[in-house]
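Asks:
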Amino acid sequence: MTKPAVLLFALVMFFITNLVSANSQSKGEDKLSDLLRRATIGWNTDWSKHSIEYRELLLGGPPRDGIPPIDQPKFIDNQQAEQWLAPNDPVIALELNGDARAYPLQILTWHEIVNDTVGQIPITITFCPLCNSAIAFERHYQGTTYDFGTSGLLRHSDLVMYDRQTESLWQQFTGEAIVGAMTGEQLKMIPAGLIGFEQFQSAYSTGKVLSKETGYSRDYGRNPYPGYDDIHNNPFLFRDPVDKRLPAMARVVTISDGEYHNAYPVALLEKLGVIHHQLGNQPLVVFHQAGVSSALDETRIANGIDVGATGVFIPVVGNQELIFVSLAGAIVDEQTGSHWNIVGQAVRGPLKGKQLKRLVHADQFWFSWAAFQPDTLIYQLEE
C-alpha cells in the first residue's frame, strides 16, 4: 500500500469514527441505537438484552461477515508451509491434547476468525488487527458448539464477534457475550501465543499450519495496515480516553485472572528476556525471544520489524520452583542449567522434554487493554 493509500485509509477511518460519534453526541444514545438497527436489519439478535451501552458500539466499515471467517480450515505440514512462510512470519500457535496448530497472521489479518477443532476440542481462533490481539476460545459451551463470525462492529476498537446459533454479540478481548440471548455468558480462553513460524517448527515438528486454500481470494502476506503500529500513531476507531501511563500503541504482554490484571511492556521484556512476577498470589514467569515480525509494520508482513515472541508460564516442574534467566538470547533455569524455548519446553539439559504449564496471555496494544482493564498493574523495575 502506498503512502497516499495509507493516508486515504486513515481519512476514511477518521470520517467513519466522527460520523458515528457525531450522531451519538448530537442526538443521544437513541440515535446511535437507530443507526445500529439500520445496520443490523435482518439480524435475529435479541437487542433487549445487553450488558453495555449501545453507544459503545461503532460500525467498523465492512458489514457482518464482510471480513469472512474461515469455517472449514485446511492444513498443511511445516515443510509445505516453508514455501510461503518466512522463519519470522507471525503465527498464532496452540497445542491441545498433542495436536499443535499454527494460524499465520498472513491469513488471520484478512479473516480474523477461524472456527476449528483441535485435539477433539471445538475452538475459535481470533485476531483483531486494530488491537493486535490474538485470542483462542473453546466454542463448545453448555452442550452447544457455537460458530463465530465477524459482526462488523467494534467496541473500544476491538473485534465484536457474533455466534450464528443465537446471533448474540461477543467481545473478543474478554470472551463475554455483551448483547443478545447469551449476554453475560463467558467463553473459556485457551493458552495460545504469537510466535515465529520457525519457532513453531522447532517446537512442533509434526504440527499443522493453516493453508492459504481458504476458499477466498486475498493477497495473503500483504499487510493492509502498514505503519499502523508506529509508537507515535493514534489508534483507529477508538474514541475513549487513552491511559497515559504508556503510549497508546505500546506493545504489552497482558494477563488477568478476573480479579488481578497485569501488563508487561514489551520494550522492557526485550531488554530483560525474562521477568519473574506474580498475578495476585500466583507466581509466574514471562519469556521473550526475538524472531517474530510485526504484522502491522511493513507492507509485506515478513518484512516487519522484529517485535519478538512471548510466553507466560508457572515456573514449576514437579515440586521444584525454577528461576529463569536470559543468557545471550537463550532462556536457562538456574537450578539445572536446562534450556527452554518460547512455548515453555525444555529443549536441552537435565529437564529436556518437560513442559511448563502455560497461562493464558496476549500481546496487545496498551490503549485497548487499558480500556477494558483500567486498573491494570504495569510491571516496572524496582529502583
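Each residue of the sequence shown is one higher than the last, beginning at 443 in the working numbering.
All C-beta atoms, glycine included, are put in the ideal place defined by N, C-alpha and C.
Determine, using beta carbons only, whether Pro792 and Pro757 come nearer to each other than 8 Å.
Replies: Along the sequence shown, one-based indexing puts residue 792 at 350. Along the sequence shown, one-based indexing puts residue 757 at 315. Contact flag unset, no.
Asks: Measure from the alpha carbon of Gln562 to the alpha carbon of each residue in Ile512, Gln521 and Glu580, then state which is nearest.
Replies: Translated into positions along the sequence shown, residue 562 becomes position 120. Of Ile512, Gln521 and Glu580, the residue nearest in Cα terms is Glu580.
Asks: Check the C-beta distance from Phe809 over to Ala690 and give it rounded, since I have them as a contact under 8 Å.
Replies: Taking the sequence shown and counting its residues from 1, one reaches residue 809 at position 367. Taking the sequence shown and counting its residues from 1, one reaches residue 690 at position 248. About 4 Å; that satisfies the 8 Å criterion.
Asks: Would you tell me roughly how many angstroms separate the C-alpha atoms of Ala813 and Asp682, rounded to the nearest one?
Replies: Here residue 813 is taken as the residue at index 371 of the sequence shown, counted from 1. Here residue 682 is taken as the residue at index 240 of the sequence shown, counted from 1. Taking the CA atoms as reference points, Ala813 sits about 7 Å from Asp682.
Asks: Sort Arg693, Ile784, Asn761 and Val759 by Cα distance to Asp805 and report the nearest one.
Replies: For the purposes of this step, residue 805 is taken as residue 363 along the sequence shown, with counting starting at 1. Measuring from the Cα of Asp805, the nearest candidate turns out to be Arg693.
Asks: Helix, strand or coil for Lys713 per DSSP?
Replies: Along the sequence shown, one-based indexing puts residue 713 at 271. In this structure, Lys713 counts as helix in the three-state DSSP scheme.
Asks: In angstroms with no decimal places, state the Cα-to-Cα distance between Asn745 and Trp811.
Replies: Residue 745 sits at position 303 when you count from the first residue of the sequence shown. Residue 811 sits at position 369 when you count from the first residue of the sequence shown. Asn745 and Trp811: Cα-Cα distance of roughly 26 Å.
Asks: Say whether the segment 615-633 touches the segment 594-603, bearing in mind that this needs 3 or more beta-carbon pairs closer than 8 Å, one atom from each stretch.
Replies: yes
Asks: Can you tell me the Cβ-Cβ gap for Phe766 and Leu801, rounded? I've got them flagged as a contact below 8 Å.
Replies: The sequence position of residue 766 within the sequence shown is 324, counting from 1. The sequence position of residue 801 within the sequence shown is 359, counting from 1. The Cβ separation is near 14 Å, so there is no contact.
Asks: Could you check what DSSP says for Glu831 in three-state terms: helix, strand or coil?
Replies: Nothing can be reported for residue 831, as the shown portion of the chain is limited to 443 through 825.
Asks: Looking at C-alpha atoms only, which residue of Gln787, Phe807 and Gln525 is the closest neighbour of Asn676?
Replies: If you number the sequence shown from 1, residue 676 lands on position 234. When only C-alpha atoms are compared, the closest one is Phe807.
Asks: For my contact list, Ser483 and His553 are in at a C-beta cut-off of 8 Å; report their separation, rounded to the angstrom.
Replies: As a position in the sequence shown, residue 483 is number 41, starting the count at 1. As a position in the sequence shown, residue 553 is number 111, starting the count at 1. A quick correction: the sequence has Ile, not Ser, at residue 483. About 24 Å separates the two Cβ atoms, so there is no contact after all.
Asks: Any idea what DSSP makes of Trp808, helix, strand or coil?
Replies: In the sequence shown, the residue the question calls residue 808 occupies position 366. In the three-state DSSP reduction, Trp808 falls in the helix class (H, G or I).
Asks: Contact defined as beta carbons within less than 8 Å: I believe Thr752 pairs with Gly635. What is the distance between those atoms, to the nearest angstrom?
Replies: Within the sequence shown, the letter at position 310 stands for residue 752. Within the sequence shown, the letter at position 193 stands for residue 635. Between Gly635 and Thr752 the Cβ distance is about 7 Å, and since that is below 8 Å, they are a contact.
Asks: Could you spell out the range, first to last residue, of the alpha helix (DSSP H) harbouring His492?
Replies: Translated into positions along the sequence shown, residue 492 becomes position 50. That residue, His492, is in no alpha helix (DSSP H); it is neither H nor E in DSSP.
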